[in-house]
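First residue of the sequence shown: 18, per my numbering; consecutive thereafter. Taking it in order: structure first as structure tokens, then the write-up.
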Amino acid sequence: MPMRKFIIGNWKMHGAAAEAHTLVEAVAEAAAKAPQAEVIVCPPTTLLAQVTSWLVGSNVKTGGQDCHAEAEGAHTGSISAAMLEEAGAAYVIVGHSERRAAFGETNDEVKKKAQAAMGVGLIPIICVGETAAERDAGKAEEVVARQVSESLPKGHFLLAYEPVWAIGTGKTPTARDIESMHAHIIAVAARETGLARERIFVVYGGSVNAANARQILATKGVSGVLVGGASLKAEAFCNIINSSE
Ligand code: PEP
Numbered sequence: 018m019p020m021r022k023f024i025i026g027n028w029k030m031h032g033a034a035a036e037a038h039t040l041v042e043a044v045a046e047a048a049a050k051a052p053q054a055e056v057i058v059c060p061p062t063t064l065l066a067q068v069t070s071w072l073v074g075s076n077v078k079t080g081g082q083d084c085h086a087e088a089e090g091a092h093t094g095s096i097s098a099a100m101l102e103e104a105g106a107a108y109v110i111v112g113h114s115e116r117r118a119a120f121g122e123t124n125d126e127v128k129k130k131a132q133a134a135m136g137v138g139l140i141p142i143i144c145v146g147e148t149a150a151e152r153d154a155g156k157a158e159e160v161v162a163r164q165v166s167e168s169l170p171k172g173h174f175l176l177a178y179e180p181v182w183a184i185g186t187g188k189t190p191t192a193r194d195i196e197s198m199h200a201h202i203i204a205v206a207a208r209e210t211g212l213a214r215e216r217i218f219v220v221y222g223g224s225v226n227a228a229n230a231r232q233i234l235a236t237k238g239v240s241g242v243l244v245g246g247a248s249l250k251a252e253a254f255c256n257i258i259n260s261s262e
């Protein structure tokens, strides 16, 4: 049986309860018709428990968008991995480029967050990706390799290749570029962890939409997609789920 494709929605700082309810109902319906997809939605933390409760009985899982590396403490405004788990999450995104850029998160911090997540049974979705300047300078592979080798914990994780220049811009790499970067990431992760290449799953993120999802999902080495903007639109996200056939 072919491996299931991960279809992950990152709502970022969007969503109020009323619109979220309509959206997750549509997502649950699409996911029920797509057993080939592992569908995950990552709402803002304020909606996590509520969204998870609406999804009971469906095959859609939920995730957090970030967690703190420590279990508890004087960290005003932060959320621990255990809190996400208690709210019903099964996954958590760590190291998103928006957090790396806005909060100066380092690879080492990302690794600690991923370890904290795994410690409470969450699967971390570890984001890596080069900026436009790094790609233009011919350093994309080097930058991404460093992020992978310095951010990876020991255990069960997902990787997300998200070129920073493709996030929210409508630009995507060519299928050939996605394939070659995913092969590179898988090779580096296998070397770092000792895991077999078949056990390393890398999803692609950056301007995925209903029109390009099928081709991206069919690209060699792509185990799924991480979707930002289009995950907030029921029709687009449901089309992306259908594209995972
Ligand atoms: C993201 O922020 O993870 C993302 C992929 O955003 P978008 O799909 O909007 O480019």
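The beta carbon of each residue, even a glycine, is placed where N, CA and C say it ideally should be. None of the values given here were measured: they were computed from a predicted structure.
| message | Are there any heavy atoms of ligand 1 lying less than 7 Å away from the beta-carbon of Ser240, as far as the coordinates show? | response | One-based indexing of the sequence shown puts residue 240 at position 223. In this structure, Ser240 has its beta carbon at no less than 7 Å from each heavy atom of ligand 1.
| query | For Phe218, which beta-bridge partners are listed by DSSP? | reply | As a position in the sequence shown, residue 218 is number 201, starting the count at 1. According to the DSSP secondary-structure assignment, Phe218 is paired through a beta bridge with no residue.
| task | For His92, count neighbouring Cβ atoms within 10 angstroms of its own Cβ and tell me buried if that reaches 16, exposed if not. | result | On the sequence shown, residue 92 is found 75 positions in, with the first residue counted as 1. Result: exposed.
| field | Ile202 beta carbon less than 8 Å from that of Leu176 | value | Residue 176 sits at position 159 when you count from the first residue of the sequence shown. Residue 202 sits at position 185 when you count from the first residue of the sequence shown. Yes, they are a contact pair.
| request: Sort Arg208, Ala162, Arg163, Gly222 by Cα distance to Val181 and report the nearest one. | output: Residue numbering aside, residue 181 sits at position 164 when the sequence shown is read from its first letter. Of the candidates Arg208, Ala162, Arg163, Gly222, the one whose C-alpha sits nearest the C-alpha of Val181 is Gly222.
| said: Can you check which of these residues, Asp125, Ala200, Ala131, is closest to Ser97 by C-alpha distance? | reply: Within the sequence shown, residue 97 is the residue found at index 80, counting from 1. Per the Cα distances, Ala131.
| Going by other Cβ atoms of all chains shown within 10 Å of its Cβ, with 16 needed for buried, is Thr39 buried or exposed? | Taking the sequence shown and counting its residues from 1, one reaches residue 39 at position 22. Looking at its Cβ environment, which holds fewer than 16 other Cβ atoms inside 10 Å, Thr39 is exposed.
| From Leu243, Gly172, Ala204, residue whose alpha carbon lies closest to that of Arg163 | The sequence position of residue 163 within the sequence shown is 146, counting from 1. The candidate whose alpha carbon is nearest that of Arg163 is Ala204.
| Leu65 versus Gly138: straight-line alpha-carbon distance, rounded | Taking the first residue of the sequence shown as 1, we reach residue 65 at position 48. Taking the first residue of the sequence shown as 1, we reach residue 138 at position 121. Between Leu65 and Gly138, the C-alpha separation is close to 17 Å.
| query | Which residue from Ala33, Asn256, Ala253, Ser240 puts its Cα closest to that of Ile142? | reply | The residue you call residue 142 lines up with position 125 of the sequence shown. Taking only the C-alpha atoms, the option nearest Ile142 is Ser240.
| task | Assign Val225 to one of three DSSP states: helix, strand, or coil. | result | In the sequence shown, the residue the question calls residue 225 occupies position 208. Here Val225 sits in coil by DSSP.
| Just to confirm, are Ser166 and Lys188 a CB contact at a threshold of 8 Å? | For the purposes of this step, residue 166 is taken as the residue at position 149 of the sequence shown. For the purposes of this step, residue 188 is taken as the residue at position 171 of the sequence shown. For the 8 Å CB-CB criterion, Ser166 and Lys188 do not form a contact.
| query | In its own chain, which residues sit with a C-beta less than 7 Å from the C-beta of Ile233, not counting the 5 before and 5 after it? | reply | To locate residue 233, count along the sequence shown from 1; it is residue 216. Around Ile233: Ile195, Tyr221, Val225, Val239, Val242.
| message | Considering only heavy atoms of ligand 1, does any lie closer than 7 Å to the CB of Glu147? | response | Reading the sequence shown from its first residue, position 130 is the one you call residue 147. Flag unset: Cβ of Glu147 not near ligand 1.
| message | Quick check: the Cα distance between Gln67 and Phe23, rounded to an integer number of angstroms? | response | Here residue 67 refers to the residue found at position 50 of the sequence shown. Here residue 23 refers to the residue found at position 6 of the sequence shown. Rounded to whole angstroms, Gln67 to Phe23 spans 22 Å at the Cα level.
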